[in-house]
Amino acid sequence: MFKKFAIALPMAAIAFTGAFTCALPSAAIAQEASQPTVSVEARLLYEQSGKMSVNLAGNGYFTAYNTVIGEGSAQENASDMVIRAVIKADGQIFSETPLFITVYDSKGSVIKQRKIERLLLEKTTYRTMMLEDASCMGEITVEAKMGNSVQREDLNMLCGE
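In this note's numbering, each number is its position in the sequence shown, counted from 1, plus 31.
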């Protein structure tokens, strides 16, 4: 009785391994065929509470004027900004496609850029870049790009008296 069990166990293991191996390539091909999409957010980092503002990207109601002293639509003093790329994918996949988070000035010159390679993506993945002293940078463009998926948003980070 013990010998029959010992022989049946390896056969079951072989059958299971074979089924798993056959299913794996088609699942991997399906994940590669679907391209992740990316969007960009820009949020002020409030200095008293440590909280983040609403998303400034695409927000026509937020006035980012003199945020360094808590004016405009800012709830409190804010000098720095968190730029966040939001990546949507079909599920857990490993991507060799790099993610670029970039900030440009009004002339199109790069102020700051972060390149992130070899990403483990979930259905939603967030990756960030800190932009220090953003409150008085003037007209800037924030961008998230991954492969053919790109989103750009213009922001006016103005100061004055």
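Glycine residues also receive a C-beta, built at the ideal position from the N, C-alpha and C atoms.
Alpha-carbon spacing of residue i relative to residue j, whole angstroms
i: Y157; j: S84; result: 17 Å
i: Q123; j: T68; result: 14 Å
i: T184; j: G89; result: According to the sequence displayed, residue 184 carries Glu and not Thr. Between E184 and G89, the C-alpha separation is close to 6 Å.
i: V181; j: L152; result: 17 Å
i: R74; j: D121; result: 26 Å
i: T98; j: N179; result: 34 Å
i: A109; j: R145; result: 22 Å
i: S57; j: V134; result: Note that S57 scores 42 on pLDDT, short of 50, meaning its location in the model is unreliable; the coordinates nonetheless yield the value given after this. Distance between the alpha carbons of S57 and V134 is about 39 Å.
i: G81; j: R115; result: 16 Å
i: L55; j: F125; result: Bear in mind that a pLDDT of 41 at L55, under 50, signals an unreliable position, so the number given afterwards is only what the model happens to contain. For L55 and F125, the distance between alpha carbons rounds to 14 Å.
i: Q66; j: G191; result: 43 Å
Integer-rounded CB distance, given that residue j should sit under 8 Å from residue i
i: V141; j: V71; result: Rounded, the Cβ-Cβ distance is 15 Å, inconsistent with contact.
i: V113; j: L150; result: With 8 Å as the limit, V113 and L150 do not qualify as a contact, their Cβ atoms being about 18 Å apart.
i: M168; j: K143; result: That pair is no contact at about 10 Å.
One or two residues paired with residue i in a DSSP bridge
i: N187; result: E170
i: K154; result: DSSP lists no partner for K154.
i: Y135; result: V141 and T172
i: L130; result: I147 and M177
i: L162; result: M112
i: Y92; result: According to DSSP, which records beta bridges pairwise, Y92 is partnered with nothing at all.
i: Q106; result: Paired residue(s): none; Q106 is not in a bridge.
Residue range of the beta strand (DSSP E) that includes residue i
i: S70; result: T68 to L76
i: F125; result: I124 to S126
i: I118; result: D111 to K119
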